[in-house]
Structure formats: structure tokens, C-alpha cells
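Everything on this sheet refers to the single structure shown next.
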Amino acid sequence: MKQKITFCTAGHIDHGKSSLVIALTGEDPDTRPEEKMRGMTIDLGFTFMPVNDEEIAIIDVPGHEDFVRTMIAGSWGVDYFLLTIASDEGVMPQTIEHAEIIASIGLKEGVIAMTRVDLANDKMRLSSREEARTLAEEMGFTDTNIIETSAVTGVGINELRDELARLTRKGGREREIREPFFLPIDRILSIPGHGTVVAGTVACGTYRLGKPLRLLPHDMEVRVRSVQTHGQSVDEVYPGQRSAFNLPRVEAEMLERGNCLVDGDIYRTSSIITVTYNHSKRAEKPLLHRQRVRLLTGTTEVIGRMSILDRDTLMPGDNTICQFMSEKPLVTRYGDPFIICHFSTKRVIGGGRVLDPHSKRVRRKKELVERYRQIEKDGERGLIELIMKEMPADRLLWTEEEIARRASFSEEKTRRHIETLKGDLNRIGGGYITTELLSYLGERVRGALEIYHRENPTTKGMEVGSLFKKLGYSVSDGATMSGIIEMIEGVQIEGKIVYLSESEVALSRSQRHLVERIIKELEPEGDEIKILGESGLREIVGSPDERNFEAVMTYLTRQGDVFRLFGNKVIGKKTLNNAINFLKDVLSERGSVRASEFKEIAGISRRDATAILDHLNNLGYTRRVSGTHYPPDNENRD
-19 MKQKITFCTA
-9 GHIDHGKSSL
1 VIALTGEDPD
11 TRPEEKMRGM
21 TIDLGFTFMP
31 VNDEEIAIID
41 VPGHEDFVRT
51 MIAGSWGVDY
61 FLLTIASDEG
71 VMPQTIEHAE
81 IIASIGLKEG
91 VIAMTRVDLA
101 NDKMRLSSRE
111 EARTLAEEMG
121 FTDTNIIETS
131 AVTGVGINEL
141 RDELARLTRK
151 GGREREIREP
161 FFLPIDRILS
171 IPGHGTVVAG
181 TVACGTYRLG
191 KPLRLLPHDM
201 EVRVRSVQTH
211 GQSVDEVYPG
221 QRSAFNLPRV
231 EAEMLERGNC
241 LVDGDIYRTS
251 SIITVTYNHS
261 KRAEKPLLHR
271 QRVRLLTGTT
281 EVIGRMSILD
291 RDTLMPGDNT
301 ICQFMSEKPL
311 VTRYGDPFII
321 CHFSTKRVIG
331 GGRVLDPHSK
341 RVRRKKELVE
351 RYRQIEKDGE
361 RGLIELIMKE
371 MPADRLLWTE
381 EEIARRASFS
391 EEKTRRHIET
401 LKGDLNRIGG
411 GYITTELLSY
421 LGERVRGALE
431 IYHRENPTTK
441 GMEVGSLFKK
451 LGYSVSDGAT
461 MSGIIEMIEG
471 VQIEGKIVYL
481 SESEVALSRS
491 QRHLVERIIK
501 ELEPEGDEIK
511 ILGESGLREI
521 VGSPDERNFE
531 AVMTYLTRQG
541 DVFRLFGNKV
551 IGKKTLNNAI
561 NFLKDVLSER
571 GSVRASEFKE
581 IAGISRRDAT
591 AILDHLNNLG
601 YTRRVSGTHY
611 PPDNENRD
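As numbered in our numbering, residues -19 to 618 make up the sequence shown, in order.
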């Protein structure tokens, strides 16, 4: 699908933008009665014009000071600008203001039309062209030709059409077709017999008719009855296209410019965003910390306060990192351009780009500015690095889905950026941990185990769940815990037991003797199944100290020499092997066995038979159904 190209007009209130559009297209962008009456475009006017076998959209935006927000709504998400400067007047204050807005939202290419050339003498024409050229250089505009025109005589109109065609052949700004669909609403209509229609320029992603969308900030699902783009009904829309959506059962009164239509739950509202901000060198006053301002981004206008993170005052022409704290929820994405206007005068005083669309309020620190400067340098990849470093104190891993939602990226884009961070991120199961956090965690784990080994010399190590809980981390998945431990140098895990690699169980001489007596007492004769109660075993081996006996039994259990069964029963390693062999023979011959049958075969009590079978079931050697034991689903179990 070839991308549709969109131009936006800009310029002083009466420098002939709308007249120029009529001369180019034959259509009048002043579509509303109030616009006709006042003779000015007070809201976005849209016309379409065939160029290079394609149809481009021209957005005619208002030029008078009270409607700067409307201009930004139209100029965001377009490909090229069409800046008008009257040849008989030259550059005016509003011309500069609009040029600053164009530059702030990232538009660097377009065309400057010197209008009303029929009213200017040669001196005026030369002076105005020189002013236009100087303005283009100051704003950093590239590939921007200056063409003299007259909507009255037709001078330069064909040349201007050719210039629009040349820019169209270059293609538009790169837009992300694979990101989830995002459409900022800039126009809301209530059409009798059809209901509510909302329109805007598709910022990214595609939409196919039939799929429900979410309306933000209302966070409500809406059905789409029909879609139009460039005046035609379509089933699918793409980035850069002017599109209108018919939303049944949605009252127009509940909507306002700045609302968004989105697909999925990647995009969310936020009240705090972190930004890089340029205070205009033409601003009359410095920006003060926590000054109340108006922020305009996309089609949204909100009021809030600018928190300057590294100083109390930002002088005209300076740039720094700020947090904008909005008085109502707004929807932004990484890299979105914005304009800041003075709260009362509504004059543009600066602009910048969003670095983090879902920020937390932070204390002012210069280190934070450095961190966000790095994001500014590294781009989207830098935001993912920041998110990983923001891990809550009780967590160790972010999943791909969580990172994507936090950054408002698709999972595909998130995955792509994560691939470039392989040296800084480590994958464990379904999540990621930073190398920095893993190193810090390693120090804490080794420290905790050193203390544990010192206080528990007779045990091999610490249960992994208890270790993470002791360190204050909420990790419940055993595989995840094991995966993390396996990546920590100097630490090993066997089953659920974690221990230092160089650690050795330190038994006293009396404990070593007790180990020998217990193993000897539990040793069966031949294929006998020898099972004892723990209290009886303690009496037999002569261990009056209960704590000492428990420490040795724990050691033997973790060594795999002794097995504790239900009902305080104990068996040795050889008895366990004998029981497994008995069980395999019985299941091979009969297909199933109950405790009452197993007791006869093994020559033990029913209670002991039940304890043995339950233990073997827990180990996966049987599949118990209502007291009957069957071979496991995996019959190749050793």
C-alpha cells in the first residue's frame, strides 16, 4: 500500500493560505458557515488534490493567534509544510511562531509560497524573499524552495503544483505500519442518520473494518460502522491517511479533540511525562520551575506544570529535561512532539519531544537529567534500558509484554530493541533481568548463604524459595528462581537447595558417628523393605538431643541417604530402591495396586504400605486415582 502524502499550510492570518489552496485544488477548505462568515479558517479544513497518479491531502490550518492549538492539531502527523508569506508584507510575528511550531514537530522539508506577488513592487518582493530565506535557515528547513504566487492572477500556481509533485515523489515521513493502530481525533461531527463521525490522521498502524477499537481516555471499546479516507469508503486505512470513522452508539457530546482511537491495550493514559524541552529564544520571560502552562501535542491540549529537573529557571534559548504534570490524563508516545504555550496569553514559548510517556514523579536530580539525555541520544532503545533499571524493589524480572506496555511499544518492536541489549539484559524463562541487577543480586545471595552456612553447618544449603523471600523478592516460579541462581557465579543449586560452591557441610565427630548409626539401622537385609518411625529410630541410635538428631536427619535427607515419609516414617536409600522394584513388578503383572495388596507383597503393615506408595506417587512412579495406583503416563520413568 503506497503511503498517502499530507501537506499542511501555515502562515500569518491574512497571507492567503486558503485562497492559495483554492487556486491549487479548486476546493474551498473553509467548510463551516462560521468560517465563511468570518472569512478565515477557524478549524481544520481539508482538501484533496491529484498528484503523480496519487491523491494528496492539504490541511488548511488557521492563522490567527487564538487558534494555535488548532494549527498544531492539523500540522502533527503530516509529511511536508506549505508556508505562506505575503510578498507585500514579508515575515510577520505569527509567521515566525508557525515556523517554530513546524520545526518543533519535526517537519524540516516543504515549500514557501510568496503570496500576493501581484500586490508587491520589486523592492518588496526581494526583501520578502530574503526574509523568507533567512527564516528557513534559522529554523533548519532543508530542501525548501521559495516560489512566488498569486491566487488572483494565477502566477506561480503551476510551478507550485510541480513543487508539490516533486516532494510527493520523494515519499513521506517514515511511519510505523507494524505498530498498533493509533489515531488522534481532530474533528468530531454529528451527522443525522449516521451518528457520530470522528476524523484524524492515522499516526501509526493499520486498521481493518470490523475490528473494535478503544477510545481513550475513556478506555471504552467502540464499534466502527464504516471508514472513509480521502472521501472514499474503504475497508482498511494506513499511516498518514486522513480517515473518518463512523462510531454508532457514541454520543458526540462526550468526545473532544485530543481523544484517541487505538487498537489493543499498548496505549494508555498518563498524568506525568518526561520530556526534552527547548525554551524559545523568542520567549519574553524565563520558564520557572513548576510554572503552569498549556501543552499541545497531536490533537491534545492540556494544562499542567513544568517541573525543571536540574534548575529553578530556564532561560530563553536553553534546553533541559523536564517533567510535565498534567491536570488530566493524556495519551502520548515516545518521540511525540509537543508545544508549550503560556497559560494566560496562549503564546508559544517552547517545544520538545516526549522521552517517557508513563513517568513517575521524581525528585529533582542532575543524575536524572544525564539518564534522560542518554535516552535522547539512544532513542527507543534507551527508554527500554530505563524501564529495566526502574525495576520495583521486590521484583527481578520484566516480561516482554510488561516492557511493551510500559513503553507503549508493540511486542515486536520491544523484542527488536531487546536483541540489541544482549550484553545488558539476560533472559531467564519468560522474563529479562539486567546484568547490573544480576550482579547486585549475586552479591546479596552469596552474602546470605555465607551467613546461612555459618549458622547451619550441618545442612547443605538453603531452600531457594526461602532465600528469595529473605532477600525481599516476590518470585514464586521455581524454574525462574533456579534460572536466576544458575547465572550467579559461585553458587549452585540442587533441586530446591542453594549453596555456595566452596561450602562443605561441617559435622562434629559425634554427629558423624550418629550418621553412621542411622544409616546402619535403616539398612535392610536383601530385598527387605525396612521402615521405622522417627521417634523409635532416635531411641535405637541413642540420641537424646532432639535438635542434634534433627540436624543430622536434615543433612541425611538432603544428601539423599534418608527419606522421610508421611506419618513420621523413615526409610533408607536401599529400602527405597527395593520398594521401587517391588512396585514395578506388581504394576507390570497386575496393571494397578492398592495399599492393601502392596502390604501383602512387601510384608509390611498397611499404614507403612500407604506411606511408601504415597511417597512413590509424589516421586512420579505411580498415578494415583481414588486410592488405586497405576503406572505413570510416562512409563519410561527409571
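Ideal placement from N, C-alpha and C gives every residue a C-beta, glycine not left out.
Between the alpha carbons of E156 and K369 lies a distance of about 27 Å.
Annotation for T75: the continuous alpha helix (DSSP H) segment containing it runs P73 to S84. With 16 or more other Cβ atoms inside 10 Å of its own Cβ, A79 counts as buried. Every unbroken stretch of the beta strand (DSSP E) spanning 3 or more residues and falling wholly within the region 469 to 554 is given here in chain order: 471 to 474, 477 to 480, 542 to 545 and 549 to 552. Distance from the Cα of L275 is smallest, within the candidate group F323, P73 and E392, for F323. In this structure, DSSP gives R587 a helical state, which the three-state scheme calls helix. As DSSP reads the structure, H259 sits in a beta bridge with G330.
Residue nearest to G175 within the set P192, V214 and E233 is E233 (criterion: CA-CA distance). Counting other Cβ atoms within 10 Å of its Cβ, K440 reaches 16 or more and is therefore classed as buried.
Its Cα nearest to that of I551, the residue L502 stands out among L502, E526, V521 and G522.
Within 10 angstroms of the beta-carbon of I171 lie fewer than 16 other beta-carbons, which makes it exposed. Rounded to the nearest whole angstrom, the C-alpha separation of R248 and T280 is 14 Å. Taking a contact as a CB-CB distance under 8 Å, the pair L63 and I168 does not count as one, their CB atoms being some 28 Å apart.
Looking only at T555, Q271, T602 and R344, the smallest Cα-Cα distance to G583 is reached by T555. In the DSSP secondary-structure assignment, P309 is not bridged to any residue. Judged by DSSP in its simplified three-state form, A384 adopts helix. Comparing alpha carbon positions, the residue from M94, L106, E159 and T114 closest to G134 is M94. Bridge partners of M467 according to DSSP: none are assigned. For M286, the uninterrupted beta strand (DSSP E) segment begins and ends at T280 to I288. Under the DSSP assignment, G90 falls in the beta strand (DSSP E) whose first and last residues are G90 to T95. For F389, the three-state secondary structure derived from DSSP is coil. Under a 10 Å Cβ-count criterion, Y420 is classified as exposed, with fewer than 16 other Cβ atoms of the shown protein chains found around its own Cβ. Contact annotation: the region 283 to 297 does not touch the region 358 to 368, with fewer than three C-beta pairs closer than 8 Å. Counting along the chain, L451 sits inside the alpha helix (DSSP H) bounded by residues V444 to L451. Counting every other CB atom within 10 Å of its CB across the protein chains shown gives A459 a total below 16, marking it as exposed. For F578, the uninterrupted alpha helix (DSSP H) run begins and ends at A575 to A582, by DSSP. Nearest in C-alpha terms to H338, of all of T254, L401, D404 and I581, is T254. With respect to the 9 Å criterion, I511 and K476 are not classified as neighbours on the basis of their beta carbons. Ranked by Cα distance from V97, the options E69, E111 and R188 are led by E69. Between I246 and Q303 a beta carbon distance of about 22 Å is seen, past the 8 Å cut, so the two are scored as non-contacting. Taking a C-beta distance under 9 Å as the contact criterion, G180 and I(-15) do not qualify as a contact pair.
The C-beta distance from V58 to F162 rounds to 15 Å, too long to fall under 8 Å, and the pair is not in contact.
Rounded to whole angstroms, the Cβ separation of L517 and A591 is 14 Å, and the two are not in contact under 8 Å. Beta-bridge analysis with DSSP links Q212 to T209. In the DSSP assignment, I319 falls outside any alpha helix (DSSP H) and within the unbroken beta strand (DSSP E) covering P317 to H322. Counted as a single uninterrupted DSSP element, the stretch harbouring T122 is not any beta strand (DSSP E), since DSSP gives it neither H nor E.
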